[in-house]
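S.K.:
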Amino acid sequence: MPKIFLHIGTHKTGSTSIQEAFQGYDDGQTIYADLGFANHSIPVYTAYSGRHQRYHIWRGAGSEAKERLRIESKKNIASFLDRVDRENIIISGEDISQLPEEGLIEFHNELKKVSSDIEVIVYVRNPVSFMTSDMQEFVKSGQNMAKPVSPNYRPRIEKFIRHFGRENVNIREFSPEVLKNGDIVQDFSEVIGVDTPGNSRRTNVSLSTDALRVVYLTNQLISVGAEADTILAARKKFIEHVRLLLPGKFVLPPALIAPLVDQQDIDWLYSVSSIDFRTDQEQDKEFDPKELRKYMSQPVEEALDKIRNYLIDAHRLKSPPADTRFLIARYFMAFLNTTNRPNVDSIKHKYRQSSRLRLLGRKLGFR
Numbered sequence: 001m002p003k004i005f006l007h008i009g010t011h012k013t014g015s016t017s018i019q020e021a022f023q024g025y026d027d028g029q030t031i032y033a034d035l036g037f038a039n040h041s042i043p044v045y046t047a048y049s050g051r052h053q054r055y056h057i058w059r060g061a062g063s064e065a066k067e068r069l070r071i072e073s074k075k076n077i078a079s080f081l082d083r084v085d086r087e088n089i090i091i092s093g094e095d096i097s098q099l100p101e102e103g104l105i106e107f108h109n110e111l112k113k114v115s116s117d118i119e120v121i122v123y124v125r126n127p128v129s130f131m132t133s134d135m136q137e138f139v140k141s142g143q144n145m146a147k148p149v150s151p152n153y154r155p156r157i158e159k160f161i162r163h164f165g166r167e168n169v170n171i172r173e174f175s176p177e178v179l180k181n182g183d184i185v186q187d188f189s190e191v192i193g194v195d196t197p198g199n200s201r202r203t204n205v206s207l208s209t210d211a212l213r214v215v216y217l218t219n220q221l222i223s224v225g226a227e228a229d230t231i232l233a234a235r236k237k238f239i240e241h242v243r244l245l246l247p248g249k250f251v252l253p254p255a256l257i258a259p260l261v262d263q264q265d266i267d268w269l270y271s272v273s274s275i276d277f278r279t280d281q282e283q284d285k286e287f288d289p290k291e292l293r294k295y296m297s298q299p300v301e302e303a304l305d306k307i308r309n310y311l312i313d314a315h316r317l318k319s320p321p322a323d324t325r326f327l328i329a330r331y332f333m334a335f336l337n338t339t340n341r342p343n344v345d346s347i348k349h350k351y352r353q354s355s356r357l358r359l360l361g362r363k364l365g366f367r
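The UniProt record's numbering puts the first residue of the sequence shown at 1, with every later residue one more than the last.
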């Protein structure tokens, strides 16, 4: 009977790094489940959530196609478990923590067909750190989060304790100070008793505070949509460039988002794991979205000067705009066509190719 290591995230705790490091792993004793995706969230959630029709992964697929995917995912999971002959099996997917109770019971029953020895591994992150990371990913993806969401650990974890037993749920803190050598893949490898895979690498590279502010302001000028490939390609280059131009880490003052922390949730987490995310922060203070927007909308002058110098040196723009909004718009425009400098004529030509750019052009005063 094999032992199953069931890693369920949670989100924003390096799950992608674990999945990319272990994809294809098989040392003769321990195997990373081959379910068609490195992230097992996709087949497991599709098969057992009952929400496959609304699963964001399958956005764009028709209703019948989504139903076929549900059936195929369930068959693939059962087929793998039936034929595998290793001592240890690794299953990893952060969306597994979001399975509704009925779906979790069904998935658990499928696992019990091959093993009663199942260890659930779940990493949890300080809620303020979680919301800071979540906000960064939203902004990088082209959205401006108005109100960060607390991680809600109890709804994600408690059902696993009920069905697998507290002794079989390994709750671990995700923080550099606690992880082995500050690394999630090394820590996970130690938990399951294997050497760290050689292809371990860090994913989801962070932007600095001012770099993210620049992207945040850009999102207000031009939103991301399934429209012009040139815009999406330019955005990718733009974000990578601003990351290198304005290096560092993203810091969000805890006081801005601490009122959003669910104190009952972290009290519960402490009661079942002794992981203490409790704070002395005033809880009677209300979250103020205006203060968050203000903080995100004010890049420091040094960062703006670096953008101006880049436009002058790399694109020979004689007089970069003094206005922050216009400056950032010109900066973004530079990546729409890297072979030409971003003069007014080329910007006019580019923005007319897309309704989103036409909107930006109007904001810049072009007609």
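Note that CB positions come from ideal geometry on N, CA and C, so glycine has one too.
(1) Verify whether the separation of the beta carbon atoms of V17 and V185 is less than 7 Å.
(2) Which residues mark the beginning and the end of the alpha helix (DSSP H) in which H163 is found?
(3) For the alpha helix (DSSP H) containing E190, list its first residue and its last residue.
(4) Hey, out of A21, F80, I157 and H56, whose CA is closest to T10's CA?
(5) Any contact of the stretch 100–107 with the stretch 156–173, i.e. 3+ C-beta pairs under 8 Å?
(6) Can you give me the Cβ contacts of Q19 inside the same chain, cut-off strictly under 6 Å, excluding the 5 residues immediately before and after it?
(7) Runs of 4 residues minimum, wholly inside the stretch 19–60: which ones carry the alpha helix (DSSP H) assignment?
(8) Output yes or no for whether 7 Å exceeds the beta carbon distance between Y270 and I307.
(9) Within a Cβ cutoff of 8 Å, which residues of the same chain sit near D262, ignoring the five residues on either side of it in sequence?
(10) Measure the beta-carbon distance from I257 to F5 and round it to whole angstroms, keeping in mind my assumption that it falls under 8 Å.
(11) Leaving out five residues before and five after D34 in sequence, what residues of the same chain have Cβ atoms less than 7 Å from its Cβ?
(12) Is I4 helix, strand or coil when you go by DSSP?
(13) Tell whether a beta-carbon distance below 7 Å holds between R86 and I31.
(14) Let me confirm a value: D210 is counted as buried when at least 16 other C-beta atoms fall within 10 Å, else exposed. Which label applies?
(15) Does DSSP put K348 in a helix, a strand or coil?
(16) Just to confirm my understanding: we take V139, look at its own chain, exclude 5 residues before and 5 after, and list those with CB closer than 6 Å. What are they?
(17) Pick from R51, P259, S208 and E173: whose alpha carbon is nearest that of F277?
(18) Determine whether the beta carbon atoms of N199 and A21 lie at a separation below 7 Å.
(19) In this structure, what does DSSP give as the bridge partners for E119?
(20) Would you mind sorting S319 into buried or exposed? The rule is 16 or more other CB atoms within 10 Å of its CB.
(21) Pick helix, strand or coil for K294, following the three-state DSSP scheme.
(22) Measure the C-alpha to C-alpha separation of P176 and E64 and round it to an integer number of angstroms.
(23) Note down, in chain order, each residue of its chain lying with its Cβ closer than 7 Å to the Cβ of L321, except the 5 sequence neighbours on either side.
(24) Measure the CB-CB distance between K249 and S206 and report whether it falls below 7 Å.
(25) Which residues mark the beginning and the end of the alpha helix (DSSP H) in which I231 is found?
(26) Quick check on S133: does DSSP put it in helix, strand or coil?
(27) List the whole-angstrom C-beta distance separating residue 401 from N168, where the pair is believed to meet the contact cut-off of C-beta under 8 Å.
(28) Measure the beta-carbon distance from I89 to P2 and round it to whole angstroms, keeping in mind my assumption that it falls under 8 Å.
(29) So, for F107: in the same chain, excluding its five sequence neighbours on each side, which residues have a beta-carbon less than 7 Å away from its beta-carbon?
(30) In chain order, what residues of the same chain have a beta carbon less than 6 Å from the beta carbon of W268, not counting five sequence neighbours either side?
(31) By the DSSP assignment, the alpha helix (DSSP H) with R70 in it spans what residues?
(32) May I ask you to list the residues that DSSP assigns as paired with S92?
(33) In whole angstroms, give me the CA-to-CA distance for I275 and F335.
M.R.: Quick answer:
(1) In the sequence as displayed, the identity of residue 17 is Ser instead of Val. Taking 7 Å as the Cβ cut-off, S17 and V185 qualify as a contacting pair.
(2) Y153 to F164
(3) I184 to I192
(4) I157
(5) yes
(6) A38, N39 and S92
(7) 41–48
(8) no
(9) P127, S150 and N152
(10) Not really, about 33 Å apart at Cβ, beyond 8 Å.
(11) F80
(12) strand
(13) yes
(14) buried
(15) Low confidence applies to K348: its pLDDT is 49, below 50, so where it sits in the model is not reliable, and the reading given next is rough at best. Of the three classes helix, strand and coil, the one that applies to K348 here is helix, per DSSP.
(16) L212, V215 and Y216
(17) E173
(18) yes
(19) F5
(20) exposed
(21) helix
(22) 45 Å
(23) The displayed chain sequence assigns Pro, not Leu, to residue 321. Excluding residues within five positions, the ones whose Cβ falls inside 7 Å are L327 and R330.
(24) yes
(25) D229 to L245
(26) helix
(27) This structure gives no information on residue 401, because the portion of the chain shown stretches from 1 to 367.
(28) 5 Å
(29) V44, Y48 and L99
(30) R154
(31) S63 to R83
(32) H7
(33) 45 Å
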